[in-house]
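Numbering (my numbering), first residue to last: 562 to 921.
Heads up, the beta-carbon is just placed ideally off N, CA and C, and yes, glycines get one too.
A short worksheet on the structure shown next.
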């Protein structure tokens, strides 16, 4: 057996190992094969690895010093499929992103700079930039605090993530089809690329209320087939090609809120309903809320002001709030920020079969 340095971390509502890029093979194929072995991919429980048997707990973050002048570290997100021996590096993950700042500081990649340390992160999946503000009183990362986020028990120290240039993360355009609203047969949809390419559709258009549990939605095979058909069509319309083997775009059901929020959502990954909501998804949904003519805008009409600065998105585990600000000379560029938490769970070495190729 061979050993690789590893830190297991919770980031937001996700969990997974975080590695230094220098501890992994430089070859993409060898790296991916190694990660499949580490996580135990190909088995529904990932029983022969450290994966958690669900998309939210089968994620990997790879961190390295950045050569870019606007970043301190580079972050590559890897979604490791649970039942299939396959990885996807097309999307970003804002939840695992929460763990990157603390990890970078504790690994000595970024020096502490006061009570709060800003870590400038370049996401290699999308070539976008995020500022992470980490609590560092007394010269070290503090994980304990009073901030609670829905979907995670207890409280922890806040980590503020500000997405600096999230529009067109994969396609180069905020609305990749060239329109805020598209019609797929008789169903109006919004195809948006803000931190994460997504297909947004009103729940009632697919025969749903929008407040169903993830288990209830996952059990409806006819519904899932209809949703996947829309997603495949959106992939072509957004210039992503055949997305049958990709996890983007993410399909999202939206409906009127039930608990005083701005909007109720059910976010898919893409074939299973997320038990909460991806941070990158929340950025795009909040932006769609203030985009005139979008599916969400049409749902609410004048009840949803275009100058909205705070969006509260209800999901199966509670809600997440997104702060919106307009920047640039024309005031039309949207910048979004969220407050999340993270925790270091353990550090040590993960074992892999001797046949696996390690870093050279």
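query: Reduced DSSP secondary structure (H/G/I, E/B, other) of residue 688; result: coil
query: Three-way DSSP call (helix, strand, coil) for residue 700 in this model; result: helix
query: Check whether residue 729 and residue 754 have beta carbons under 9 Å apart; result: yes
query: Beta-bridge partners of residue 564, as assigned by DSSP; result: 912
query: Among 873, 809, 723, 756, nearest to residue 734 - alpha-carbon criterion; result: 756
query: Cβ shell of residue 622 (< 7 Å), same chain only, five flanking positions each side left out; result: 577, 579, 636, 638, 657, 660, 661
query: Residue interval of the beta strand (DSSP E) (run including residue 761); result: 758 to 763
query: Spatial neighbours of residue 772 in its chain, beta-carbon cut-off 8 Å, leaving aside the 5 residues before and after; result: 816, 819, 825
query: Residue from 886, 665, 704 with nearest C-alpha to residue 906; result: 704
query: Inter-stretch contact at 8 Å, needing at least 3 Cβ pairs: the stretch 789 to 802 / the stretch 834 to 850; result: no
query: Start and end residues, alpha helix (DSSP H) containing residue 841; result: 840 to 850
query: Delimiting residues of the beta strand (DSSP E) encompassing residue 622; result: 620 to 626
query: Alpha helix (DSSP H) runs wholly inside the stretch 736 to 793, at least 4 long, in chain order; result: 775 to 779
query: Close-in-space but distant-in-sequence residues of the same chain around residue 809 (CB under 6 Å, 5 per side omitted); result: 651, 652, 758
query: Residues near residue 822 by beta carbon distance below 7 Å, same chain, minus five either side; result: 873, 874, 875, 880
query: Own chain partners of residue 870 with C-beta closer than 6 Å, once the 5 adjacent residues on each side are dropped; result: 885
query: Helix, strand or coil at residue 875 [DSSP, three-state]; result: strand
query: For residue 655, the three-state DSSP class (helix, strand or coil); result: helix
query: First through last residue of the alpha helix (DSSP H) which encompasses residue 724; result: Where residue 724 is concerned, there is no enclosing alpha helix (DSSP H), although the beta strand (DSSP E) it sits in stretches over 720 to 724.
query: Residue range of the unbroken beta strand (DSSP E) whose run includes residue 861; result: Element bounds for residue 861: not the beta strand (DSSP E) but the alpha helix (DSSP H), 856 to 861.
query: Reference residue 575, options 916, 903, 908, closest by Cα; result: 903
query: Cross-strand partners of residue 693 (DSSP beta bridge); result: 680, 722
query: DSSP beta-bridge partners of residue 816; result: 825
query: Proximity of residue 761 and residue 813 at Cβ, strictly below 9 Å; result: yes
query: Reduced DSSP category for residue 705 - H, G, I as helix; E, B as strand; rest coil; result: coil
query: Residue 633 and residue 665 closer than 9 Å at C-beta; result: yes
query: Backbone CA spacing between residue 566 and residue 589 [nearest angstrom]; result: 19 Å
query: Contact belief for residue 743 with residue 752 at Cβ below 8 Å, rounded distance in angstroms; result: 6 Å
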